[in-house]
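Working notes for the structure below.
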Amino acid sequence: MFVNLHVLLINCNFLFRILQIKKMKKLKSVIFLLVSLFSYTQTFAQRVENRDPFILELVNQVSDKQLETYVHKMVSFQTRHTLSDTLSATTGIGAARNWIKSEMEKNIAGSKGRLQVSFDTFVQPADGRRVTVPVTMKNVMAVLPGKNPEDKRMIMVSGHYDSRVTDVMNTKDFAPGANDDASGVAAVMELCRILSKYEFDATLVFVAFVGEEQGLYGATNLAKRAKAEGWNVHLLLNNDIVGNSYGMETDIKDNRSVRIFSEGVPAGETAAQANARISAGNDTEGPARQAARYIKEVGERYVDQLDVKLIYRRDRYLRGGDHTPFSQQGFTAVRVTEMNEDFRRQHQDVRTENGFKFGDLPEYVDYTYLQKVSRMNLAVMVNVAMAPQEPENVVVSTSGLTNKTVLKWTTPKGKAPAGYFVLMRETSAANWERKFFVQDTQATLNYSKDNYFFAVQAVDGKGHESLVVVPKPGR
Ligand SMILES: [Zn+2]
Numbered sequence: 004m005f006v007n008l009h010v011l012l013i014n015c016n017f018l019f020r021i022l023q024i025k026k027m028k029k030l031k032s033v034i035f036l037l038v039s040l041f042s043y044t045q046t047f048a049q050r051v052e053n054r055d056p057f058i059l060e061l062v063n064q065v066s067d068k069q070l071e072t073y074v075h076k077m078v079s080f081q082t083r084h085t086l087s088d089t090l091s092a093t094t095g096i097g098a099a100r101n102w103i104k105s106e107m108e109k110n111i112a113g114s115k116g117r118l119q120v121s122f123d124t125f126v127q128p129a130d131g132r133r134v135t136v137p138v139t140m141k142n143v144m145a146v147l148p149g150k151n152p153e154d155k156r157m158i159m160v161s162g163h164y165d166s167r168v169t170d171v172m173n174t175k176d177f178a179p180g181a182n183d184d185a186s187g188v189a190a191v192m193e194l195c196r197i198l199s200k201y202e203f204d205a206t207l208v209f210v211a212f213v214g215e216e217q218g219l220y221g222a223t224n225l226a227k228r229a230k231a232e233g234w235n236v237h238l239l240l241n242n243d244i245v246g247n248s249y250g251m252e253t254d255i256k257d258n259r260s261v262r263i264f265s266e267g268v269p270a271g272e273t274a275a276q277a278n279a280r281i282s283a284g285n286d287t288e289g290p291a292r293q294a295a296r297y298i299k300e301v302g303e304r305y306v307d308q309l310d311v312k313l314i315y316r317r318d319r320y321l322r323g324g325d326h327t328p329f330s331q332q333g334f335t336a337v338r339v340t341e342m343n344e345d346f347r348r349q350h351q352d353v354r355t356e357n358g359f360k361f362g363d364l365p366e367y368v369d370y371t372y373l374q375k376v377s378r379m380n381l382a383v384m385v386n387v388a389m390a391p392q393e394p395e396n397v398v399v400s401t402s403g404l405t406n407k408t409v410l411k412w413t414t415p416k417g418k419a420p421a422g423y424f425v426l427m428r429e430t431s432a433a434n435w436e437r438k439f440f441v442q443d444t445q446a447t448l449n450y451s452k453d454n455y456f457f458a459v460q461a462v463d464g465k466g467h468e469s470l471v472v473v474p475k476p477g478r
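Next up, the structure:
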């Protein structure tokens, strides 16, 4: 802002000199010039936000009231513990999953029959730890198939619907799990409600996982199934604990920051891939990390008053999540979590101690905040789903010693892109700093590959960008 004002003042001085010389007296012209100069300085200093009105309209459909209704209904099942009752129509995990499924099924008509809602059912053997006997577990899943048969990308959003209290084996007591993780499941259900009315090139998948608290069993099972059945899980946005905006101990009230946890080094990396990564210094360039940068860019583009914070970690200390089984199977997956946590309202028996009410209750969820996080998820999913597929065979030429950078790639399958962005940043920078638009399938830049990171993404005529691809060394 200092720079802006500074530039503005210089421009104003310049303007007044023009006025003195030309002795302009028409106030209208002066105002026009001032406004023009101000806009000029703004454009000069700021990045351009290219918002697609269609995506903005979808973003605006995310309702805080609807999210609140979903969270309260999930809490009403008393407990959603993975080993709790499956027969009652009103309490326990059976009632909860039947309700989530039936809510998703309400969207089938609006999708003109395209939305496919199902249980992903499996038997989890006893593990001698948090599963004492073999248990039939069920993820709830809704798939909205893409309209382009050449586009196999599946863009997945998830949360986990199971809940717990202090004792992870307690299957009876009130375990509201409003924030952990009815908030994430509410986001999934809200996106399913809104997006199933539309058609996208890529396939969208909405999942409520089971068994997270017992050992990530729902996600592990689905990730293995996805691998075995050859699904192209292009991106998984796993939302776990996304509804609280208050920091315990720090007393921070912050309803605008959200964290994206991402691995720089893929969990399923082979030895050869590790060697290539170490050689190129690509420790911060893994697909999950690239997805996190993309989420920051697109999320902040479409959601006002939201700061997306990249955390260069798989997850928090002592904690894990459903994104990791997908990373381990070679898919691109990140965790979305609130910035400031209140641990008195996670995994706690509902009780009052010294006048303080412990427990993960729905009245402590910040639904405006949850709405923003849900909107971020929606904007990212739709922007990817509408974008061309990513460029293929992206190579950075290493055939000789040069201070230039030569990048080459081949056109993606499916919808033809309008062009490509070649992304560039300093190796010490967290986010991309420059984007060069090219229509060719190669680019030569007067910047050394030794001194910068580069990547390439495809873009259509409306500015929908694909996920970015990091070049491999080649000729
Ligand atoms: Zn959780």
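Under the working numbering, the letters of the sequence shown match residues 4 to 478, in that order.
A virtual CB, placed ideally from N, CA and C, is assigned to each residue, including glycine.
Inset, instruction - Report the rounded CA-to-CA distance for glycine 221 versus leucine 147, giving the unit in angstroms. - result: In the sequence shown, the residue the question calls residue 221 occupies position 218. In the sequence shown, the residue the question calls residue 147 occupies position 144. Note on geometry: alpha-carbon atoms of glycine 221 and leucine 147 lie some 20 Å from one another.
Inset, instruction - Verify the contact flag: histidine 163, CB atom, against every heavy atom of ligand 1, threshold strictly below 7 Å. - result: Position 160 of the sequence shown, counting from 1, holds the residue named residue 163. Yes - ligand 1 has a heavy atom lying nearer than 7 Å to the Cβ of histidine 163.
Legend entry - Endpoints, beta strand (DSSP E) assigned at tyrosine 455: Walking along the sequence shown from the start, residue 455 turns up at place 452. Note, tyrosine 455: beta strand (DSSP E), 455-462.
Legend entry - Straight-line gap, leucine 207 to glycine 233 (C-alpha atoms, nearest Å): Here residue 207 corresponds to residue number 204 of the sequence shown, with the count starting at 1. Here residue 233 corresponds to residue number 230 of the sequence shown, with the count starting at 1. Taking the straight line joining both Cα atoms gives about 16 Å.
Inset, instruction - May I ask you to verify whether the region 396-408 touches the region 470-478, counting CB pairs closer than 8 Å and requiring at least 3? - result: Touching, yes.
Legend entry - alanine 461 and alanine 390 closer than 8 Å at C-beta: For the purposes of this step, residue 461 is taken as residue 458 along the sequence shown, with counting starting at 1. For the purposes of this step, residue 390 is taken as residue 387 along the sequence shown, with counting starting at 1. Their beta carbons are under 8 Å apart, which means alanine 461 touches alanine 390 by this criterion.
Legend entry - Residues of its chain near asparagine 235, where Cβ-Cβ distance is below 7 Å and the 5 sequence neighbours each way are ignored: Counted from its first residue, the sequence shown places residue 235 at position 232. Once the five neighbours on either side are set aside, the close Cβ partners of asparagine 235 are Lys155, Arg156, Met157.
Legend entry - C-beta contact flag for glycine 250 and aspartate 369 at 8 Å: By 1-based counting over the sequence shown, the position of residue 250 is 247. By 1-based counting over the sequence shown, the position of residue 369 is 366. It is not a contact, given that the beta carbons lie outside the stated cut-off.
Inset, instruction - Specify the secondary structure class of glycine 477 as computed by DSSP and reduced to three states. - result: Translated into the one-based positions of the sequence shown, residue 477 becomes position 474. Glycine 477 falls in the strand class under three-state DSSP.
Legend entry - Under 8 Å between C-beta atoms of valine 471 and tyrosine 297: The residue given as residue 471 occupies position 468 in the sequence shown. The residue given as residue 297 occupies position 294 in the sequence shown. At a Cβ-Cβ threshold of 8 Å, valine 471 and tyrosine 297 count as neighbours.
Inset, instruction - Could you tell me which residues DSSP puts in a beta bridge with aspartate 310? - result: Counting from one through the sequence shown, the residue named residue 310 turns up at place 307. The partner list for aspartate 310 (beta bridge, DSSP) reads Ser260.
Inset, instruction - Let me have the residue list for ligand 1: C-beta closer than 5 Å to any non-hydrogen atom, ordered along the chain. - result: One residue list follows from the rule of a beta carbon closer than 5 Å to any heavy atom of ligand 1, given in chain order as Asp183, Asp184, Asp243.
Legend entry - Cβ pair count under 8 Å reaching 3, the region 411-422 against the region 380-396: With a cut-off of 8 Å, the region 380-396 and the region 411-422 count as touching, because enough Cβ pairs lie within range.
Legend entry - Limits of the alpha helix (DSSP H) - the one that glutamine 217 falls within: To locate residue 217, count along the sequence shown from 1; it is residue 214. Annotation for glutamine 217: the continuous alpha helix (DSSP H) segment containing it runs 215-218.
Inset, instruction - Classify phenylalanine 57 as buried or exposed, calling it buried when 16 or more other Cβ atoms lie within 10 Å of its own Cβ. - result: By 1-based counting over the sequence shown, the position of residue 57 is 54. By the neighbour-count criterion, in which a residue is buried when 16 or more other Cβ atoms sit within 10 angstroms of its Cβ, phenylalanine 57 is exposed.
Inset, instruction - Provide the residue(s) that pair with leucine 448 in DSSP beta bridges, ordered along the chain. - result: To locate residue 448, count along the sequence shown from 1; it is residue 445. Its beta-bridge partners are Thr408.
Legend entry - Three-state class that DSSP yields for threonine 72 in the structure shown: What you label residue 72 is simply residue 69 of the sequence shown in a count that begins at 1. In the three-state reduction of the DSSP assignment, threonine 72 falls in the helix class, which pools H, G and I.
Legend entry - glutamate 429 (DSSP reduced to helix, strand or coil): Residue 429 sits at position 426 when you count from the first residue of the sequence shown. It is a strand residue.
Legend entry - alpha helix (DSSP H) segment containing glycine 233, residue limits: Sequence index remark: in the sequence shown, residue 233 carries index 230 (1-based). Under the DSSP assignment, glycine 233 falls outside any alpha helix (DSSP H); it carries neither an H nor an E label.
Legend entry - glycine 271 burial status per 10 Å Cβ neighbour count (16 or more: buried): Here residue 271 refers to the residue found at position 268 when the sequence shown is read from its first residue. Flag for glycine 271 reads exposed.
Inset, instruction - Taking 8 Å as the cut-off, decide whether the C-beta atoms of tyrosine 367 and arginine 354 are in contact. - result: Indexing the sequence shown from 1 puts residue 367 at position 364. Indexing the sequence shown from 1 puts residue 354 at position 351. The answer is no: Cβ separation not under 8 Å.
Legend entry - Close beta carbons around aspartate 363, own chain, < 7 Å, minus the five adjacent residues each side: Sequence index remark: in the sequence shown, residue 363 carries index 360 (1-based). Around aspartate 363: Pro179, Gly180, Ala181, Asn182, Asp183, Arg348, Gln349, Gln351.
Legend entry - Three-way DSSP call (helix, strand, coil) for threonine 85 in this model: For the purposes of this step, residue 85 is identified with residue 82 of the sequence shown, where counting begins at 1. Residue state, collapsed to three classes: coil.
Inset, instruction - Alpha carbon to alpha carbon, how far is lysine 76 from serine 377? Give it in angstroms, no decimals. - result: The residue given as residue 377 occupies position 374 in the sequence shown. The residue given as residue 76 occupies position 73 in the sequence shown. Spanning the two alpha carbons is a distance of roughly 18 Å.
Inset, instruction - Can you grab the Cα-Cα spacing for the pair valine 261 / tyrosine 305, in whole Å? - result: As a first step, residue 261 is located in the sequence shown; it is residue number 258 there, counting from the start. As a first step, residue 305 is located in the sequence shown; it is residue number 302 there, counting from the start. If I take the Cα positions, the gap works out to 14 Å.
Inset, instruction - Output yes or no for whether 8 Å exceeds the beta carbon distance between alanine 98 and phenylalanine 80. - result: Walking along the sequence shown from the start, residue 98 turns up at place 95. Walking along the sequence shown from the start, residue 80 turns up at place 77. Contact annotation: alanine 98 and phenylalanine 80 have beta-carbon atoms nearer than 8 Å.
Legend entry - methionine 27, DSSP secondary structure in three states: By one-based count along the sequence shown, residue 27 stands at place 24. With a pLDDT of 46 at methionine 27, under the threshold of 50, the modelled position of this residue cannot be trusted; read the value that follows with caution. In the three-state reduction of the DSSP assignment, methionine 27 falls in the coil class.
Inset, instruction - Assign phenylalanine 440 to one of two classes, buried (16 or more other C-beta atoms within 10 Å of its C-beta) or exposed (fewer than that). - result: For this step, residue 440 is matched to residue 437 along the sequence shown. Phenylalanine 440 should be labelled exposed.
Legend entry - Limits of the unbroken beta strand (DSSP E) element including methionine 379: Numbered from 1 along the sequence shown, position 376 holds the residue referred to as residue 379. Per DSSP, methionine 379 is not a residue of any beta strand (DSSP E); the alpha helix (DSSP H) it occupies stretches across 370-389.
Legend entry - Separation of phenylalanine 456 from arginine 437, as counted between CA atoms: Looking up residue 437 in the sequence shown gives position 434. Looking up residue 456 in the sequence shown gives position 453. Roughly 11 Å separates the two Cα atoms.
Legend entry - Between the CA atoms of methionine 144 and isoleucine 111 - distance to the nearest angstrom: Against the sequence shown, residue 111 aligns to sequence position 108. Against the sequence shown, residue 144 aligns to sequence position 141. If I take the Cα positions, the gap works out to 13 Å.
Inset, instruction - List the endpoints of the continuous beta strand (DSSP E) containing histidine 163. - result: The residue labelled residue 163 in the question sits at position 160 within the sequence shown. Unbroken beta strand (DSSP E) run through histidine 163: 156-163.
Inset, instruction - Taking 8 Å as the cut-off, decide whether the C-beta atoms of methionine 342 and aspartate 254 are in contact. - result: Taking the first residue of the sequence shown as 1, we reach residue 342 at position 339. Taking the first residue of the sequence shown as 1, we reach residue 254 at position 251. No, the Cβ-Cβ distance between methionine 342 and aspartate 254 is not below 8 Å.
Legend entry - Cβ-based burial, threonine 223 [other Cβ within 10 Å; buried from 16]: Walking along the sequence shown from the start, residue 223 turns up at place 220. With 16 or more Cβ atoms within 10 Å of its Cβ, threonine 223 is classed as buried.
Legend entry - CA nearest to the CA of valine 311, picked from Val213, Arg338, Ala274: On the sequence shown, position 308 is the one that residue 311 refers to. Ranking Val213, Arg338, Ala274 by CA distance to the CA of valine 311 puts Arg338 first.
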